[in-house]
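Below is one structure, written out as structure tokens; the observations come after it.
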Amino acid sequence: MAPHAEETVSAETPSPVPVPVSAAKLQATVAPGEKDGYGTLFALKVDKDAEDGKKGHPAARYPHYLPTWDAYEKDPPLEPREHHDPGLDADTTYPELLGAGTQLTNLTPTIGSEVRGIQLSSLSAAGRAQLAHLVASRKVVAFRDQDFADLPITDALDFGRSFGPLHVHPTAGVAAGYPETLIVHRGAGDDSVDRYFAGRTSTVAWHSDVSYEAQPPAVTLLYALEKPVVGGDTLFVDAVEAYNRLSPAFQQRLHGLRAVHSAVEQANGSLARGGLLRRDPVKNEHPIVRTHPVTGEKGLFVNKGFTREIVGLKKEESDALLNFLYDHLAYGADFHARVRWEDKTVVLWDNRVTQHSALVDWRNGERRHLARITPTGERPVETPFVGAAAA
């Protein structure tokens, strides 16, 4: 049965061992027709003529960043590792990150900021620690006029390693020779969205990146290579404010509950579409209320993309509670932020206390091409419930 509300999971309490699901058994573990439908918006091959500029659209500006799906040898399961968040060591006055000549504009009161006037690639280790703290505090930060797209890929990856070991995605396309990248690419002339909308009404798909891992990402770095003139924005939700909006009684009921996060459906979708699987999919249990290691804030850590059930509850009970939380997160427009991409933009967000969704809302064949670097973080933990009176 589920833990009682007072039986919280401390930082010292180990999570259950990840449950691997072998590729051989994958199809049998997923109900017929249960696939990663959102994945159909992203092709598993590149139209070379379109990317070379032979089909009426400009050639790709960054061809070395086009996605590849090479037949890598199967990776072993991820091993547990220590994680120390650099934000814990930061000077919170941000003297290097937000010094003279920089401009910070908040997008909303609780989530999202835009910064101009600083080149991220020039930051020292101390400056990168300040960056980690700012992202933890503001949850998503867009830096304009950056040089990331023009750096050697190795330099961009080294920057990402400042925040943790880099995650290799089990199914996604990567830049050739750089499996630690993840390439977000909708090619020139791509019409997959028309087929998608033939059976669906929206491309919004809220999720926290690969939350099924035992140690999910701490932050994500996503940088623009090319973008449509209008469209292709990214939405973010503040999971801390979403938690804070709940009544103390409801917050207390959520404490002690754990949910299963699964990679199986994503893996199944990739295989069903002829894609690859670099690593056997896993399922992991995480606390529904997660405490941030730097800020101490509590946020809701469930997402419709990867969360499947609440441990110890019957299916109907679990579905009712999860669906309420999904709707609360999705419809709380007063704790959302929307980032509009510009050329040479780098966006960093904290996966521990946010969810996000791309918007596939342009249908004129323009290319959208971004690169993602994903440092991993700590195993999610929950700290004891603190009621309104004690707070």
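Under my numbering, the first residue of the sequence shown carries the number 59, and numbering increases by one thereafter.
Ideal Cβ positions, reconstructed from N, Cα and C, are used throughout, including at glycine.
Item: Supposed contact pair His414 and Leu293 - C-beta distance, whole angstroms, cut 8 angstroms; Value: 6 angstroms
Item: Cβ pair count under 8 angstroms reaching 3, the stretch 207-218 against the stretch 308-319; Value: no
Item: Identity of the residue in Pro339, Arg366, Tyr281 nearest Leu178 by Cα; Value: Tyr281
Item: Contact under 8 angstroms by Cβ, Gly245 with Arg425; Value: yes
Item: Integer-rounded CB distance, given that Val298 should sit under 8 angstroms from Val411; Value: 5 angstroms
Item: Distance, Asp203 Cα to Ala233 Cα; Value: 22 angstroms
Item: Those residues which DSSP pairs with Leu358 across a bridge; Value: Val347
Item: Burial state of Tyr270, where buried means 16 or more other Cβ atoms lie within 10 Å; Value: buried
Item: 8 angstroms Cβ cutoff met for Val438 and Pro345; Value: According to the sequence displayed, residue 438 carries Pro and not Val. Against a cut-off of 8 angstroms, the Cβ pair of Pro345 and Pro438 comes out as a contact.
Item: Burial state of Leu406 (16 or more Cβ within 10 Å); Value: buried
Item: Unbroken beta strand (DSSP E) run spanning Asp408, endpoints; Value: 404-408
Item: Exposure label - Ser260; buried when at least 16 CB within 10 Å; Value: exposed
Item: One or two residues paired with Pro292 in a DSSP bridge; Value: Note on residue identity: the sequence assigns Thr, not Pro, to residue 292. Thr292 is bridged to Val397, Ala416.
Item: Touch test, the stretch 137-156 against the stretch 184-201, Cβ-Cβ under 8 angstroms, three pairs minimum; Value: yes
Item: Glu172 - containing beta strand (DSSP E), residue span; Value: 171-174
Item: Length at least 4, wholly inside the stretch 151-226: the alpha helix (DSSP H) runs in chain order; Value: 183-196, 211-218
Item: Residues near Asp419 by beta carbon distance below 6 angstroms, same chain, minus five either side; Value: Gly289
Item: Contact with chain C by Leu136, beta-carbon distance below 8 angstroms; Value: Absent from the structure: chain C. Only one protein chain is present.
Item: Cβ pair Val388, Tyr123 closer than 8 angstroms; Value: A quick correction: the sequence has Ala, not Val, at residue 388. Going by C-beta atoms, Ala388 is not nearer than 8 angstroms to Tyr123.
Item: Secondary structure of Ala426, DSSP reduced to three states; Value: Going by the sequence as given, residue 426 is Arg instead of Ala. Here Arg426 sits in strand by DSSP.
Item: Contacting residues, own chain, Cβ-Cβ under 6 angstroms from His243 (five flanking each side not counted); Value: Pro125, His427
Item: C-alpha gap between Arg351 and His386, whole angstroms; Value: For the record, residue 351 in the displayed sequence is Pro; it is not Arg. About 24 angstroms.
Item: Same chain, Cβ closer than 7 angstroms to Val75, neighbours up to 5 away in sequence not counted; Value: Any reading at Val75 must be qualified, since the residue scores a pLDDT of 44, below 50, and its modelled position is unreliable; the value itself is stated next. Answer for Val75: no residue qualifies.
Item: Residues bridged to Leu279 [DSSP beta-bridge criterion]; Value: Leu406, Ile431
Item: Cβ-Cβ distance between Trp264 and Gly363 below 8 angstroms; Value: yes
Item: Beta carbon of Pro433 nearer than 8 angstroms to that of Gly222; Value: yes
Item: Same chain, Cβ closer than 8 angstroms to Leu417, five either side skipped, listed in chain order; Value: Thr261, Val262, Gly289, Gly290, Asp291, Thr292, Leu293
Item: Contact set for Pro275: own chain, Cβ-Cβ below 7 angstroms, skip 5 residues either direction; Value: His225, Asp267, Val268, Asn409, Thr432, Pro433, Thr434, Gly435
Item: Beta strand (DSSP E) segment containing Ser320, residue limits; Value: 316-320
Item: Three-state class that DSSP yields for Tyr389 in the structure shown; Value: helix
Item: As assigned by DSSP and simplified to three states, the class of Val251; Value: helix
Item: Pro339 vs Pro237 beta-carbon contact at 8 angstroms; Value: no
Item: Pairwise C-alpha distance: Phe359 and Leu304; Value: 14 angstroms
Item: Candidates Leu283, Arg174, Lys197, of which the one nearest Tyr120 by Cα; Value: Leu283
Item: Local conformation of Val115 per DSSP, three classes; Value: Per the sequence shown, the amino acid found at residue 115 is His instead of Val. Correct three-state label for His115: coil.
Item: Neighbour-count burial assignment, Arg396, 16 or more Cβ in a 10 Å radius; Value: exposed
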